[in-house]
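**Student:** Can you keep this structure in mind? I'll have questions shortly.
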Amino acid sequence: MAAIDCGTNSIRLLVADLPDPSAGPQAPLVDLSRRMEIVRLGQGVDRTGRLAPEAIERTRVALASYAAEIEKLGAERVRMCATSASRDASNAAEFREMVERTLGVAPEVVTGDEEARLSFTGAVRGLPADAREPYLVVDIGGGSTEFVVGTRAGGVEAAISMDIGCVRMTERHLHGDPPGMGEVAAAQADIAVAVDRALEAVPGRQAATLVGLAGSVTTVVAIAQGLQEYDPDRIHHARVSYDAVADVTADLLGKTREQRLAIPVMHPGRADVIGAGALVLRVIMERAGMDSVVASEHDILDGIAWSLATGG
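The sequence shown begins at 170 in the working numbering and counts up by one.
And the structure:
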């Protein structure tokens, strides 16, 4: 199966085989290729309501490379899901036509509910035994953050999507380099209102384990661990305390873009928005009363691949 997740900030590819049946019901997919490119598809969408031509072109270039990889590896089924940026844009049809020309399949602009289900499926499979249920899974993207509560056996119990992604919050509030105290306070207040609404809509405060997904979370966890290079195996299922997240967030918001770029685990395309992403995570932990977060490298991308395998 080939799964593509096109978000506001990044576009990612997973080509995978099903696990051997003898590996057990919680076995992960067998990765053949897992790739990520920062394309910033959602550049300016919060302000203009449109996808920028240069953003569509960056996405086309990455997608053409992915299409070649899919053909080389011989994937039999392909599914591409597009999330927040292409839901919001008035010129979404232009984006759709580009994808069909480049990839040969149409992108599915998934609903918030479907996005939540796919993220939850990908995230909870294979969680360690000490990660107690129910789970609050948060997927911090570029344009939005999904909040999902559920259990392994019961699946998703409740979900909601809020417009507090790292790109959207940076463009809306964090203009200084580094951002000023007033800018950070405004972003924090905006995030807190949205988080409180989300936690009222889903029983997030009753969850036993917070599971964090996507690049903002994994980057914060990598920094908290003091890694000198990005190592998915060490980040996947690592548990990091609230205090460590708060320290990393304060440090990132106090640095210039150049200083953030110098952090060994920092992807160059994430350096300008990681402060906002870290702030979203910190506020979620604070408002939900969570003293730690478990990071997962498996997320909506894995959920998309599993949907191809199971037909749903």
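Beta carbons: idealized from backbone N, C-alpha and C, even for Gly.
By DSSP's criteria, E455 is part of a beta bridge. Which residues make up the other side?
**Tutor:** Its beta-bridge partners do not exist; DSSP assigns none.
**Student:** Report, in whole angstroms, the separation of the C-beta atoms of A383 and D308, which I expect to be a contact under 8 angstroms.
**Tutor:** So it is a contact: roughly 5 angstroms between Cβ atoms.
**Student:** So what does DSSP say about V417, is it helix, strand or coil?
**Tutor:** It is helical.
**Student:** Do you know how far the Cα of L379 is from the Cα of A233?
**Tutor:** Each residue's alpha carbon lies about 36 angstroms from the other.
**Student:** So, using beta-carbon positions, are G381 and V318 closer together than 8 angstroms?
**Tutor:** No, they are not a contact pair.
**Student:** Are V409 and A300 closer than 8 angstroms when you measure CB to CB?
**Tutor:** No, Cβ-Cβ distance for V409 and A300 is not below 8 angstroms.
**Student:** Round the Cβ separation of V336 and G312 to the nearest angstrom and send it over; I've been treating them as touching at under 8 angstroms.
**Tutor:** Yes, they are in contact, since the Cβ atoms of V336 and G312 sit about 6 angstroms apart, within 8 angstroms.
**Student:** From G323 to G423, what distance separates their C-alpha atoms?
**Tutor:** About 42 angstroms.
**Student:** Tell whether a beta-carbon distance below 8 angstroms holds between R341 and H467.
**Tutor:** No, they are not a contact pair.
**Student:** Start and end of the beta strand (DSSP E) containing R408?
**Tutor:** From DSSP, the beta strand (DSSP E) with R408 extends over 408-410.
**Student:** Can A440 and R429 be called in contact, C-beta distance under 8 angstroms?
**Tutor:** In this structure, R429 lies closer than 8 angstroms to A440 by Cβ.
**Student:** Please look up how many angstroms separate the CB atoms of A367 and L183, rounded, as I've assumed it's under 8 angstroms.
**Tutor:** Wrong, their Cβ atoms sit about 27 angstroms apart, outside the cutoff.
**Student:** Beta-carbon separation of S449 and I329 under 8 angstroms?
**Tutor:** Here residue 449 turns out to be Val, not Ser, going by the sequence shown. Going by C-beta atoms, V449 is not nearer than 8 angstroms to I329.
**Student:** Could you check what DSSP says for L379 in three-state terms: helix, strand or coil?
**Tutor:** Correct three-state label for L379: strand.
**Student:** When burial is assigned at 16 or more other CB atoms within 10 Å of the CB, is Q375 buried or exposed?
**Tutor:** Exposed.
**Student:** Helix, strand or coil for E326, going by three-state DSSP, please let me know.
**Tutor:** The answer is strand: DSSP assigns E326 an E or B state.
**Student:** Would you report the Cα separation of C175 and M249, rounded to the nearest angstrom?
**Tutor:** Cα to Cα, the separation comes out at about 7 angstroms.
**Student:** What are the partner residues of E315, as DSSP defines its beta bridges?
**Tutor:** According to DSSP, E315 bridges with D308, S330.
**Student:** Under DSSP, the beta strand (DSSP E) around E238 begins and ends at which residues?
**Tutor:** Not the beta strand (DSSP E): E238 falls in the alpha helix (DSSP H), residues 222-242.
**Student:** Flag this pair as yes or no: are the beta carbons of R451 and A415 separated by less than 8 angstroms?
**Tutor:** Contact: yes.
**Student:** Determine, using beta carbons only, whether E206 and A231 come nearer to each other than 8 angstroms.
**Tutor:** Yes, the Cβ-Cβ distance between E206 and A231 is below 8 angstroms.
**Student:** If you draw a straight line from the alpha carbon of V364 to that of P297, how long is it in whole angstroms?
**Tutor:** V364 and P297: Cα-Cα distance of roughly 26 angstroms.
**Student:** Quick one: measure Cβ to Cβ for A487 and A171, integer angstroms, because I've assumed they're closer than 8 angstroms.
**Tutor:** Residue 487 is absent from the model: the chain starts at 170 and stops at 481.
**Student:** Cα-Cα, which of L421, G291, G334, L343 is closest to T320?
**Tutor:** Comparing Cα-Cα distances from T320 to each of L421, G291, G334, L343, the minimum goes to G291.
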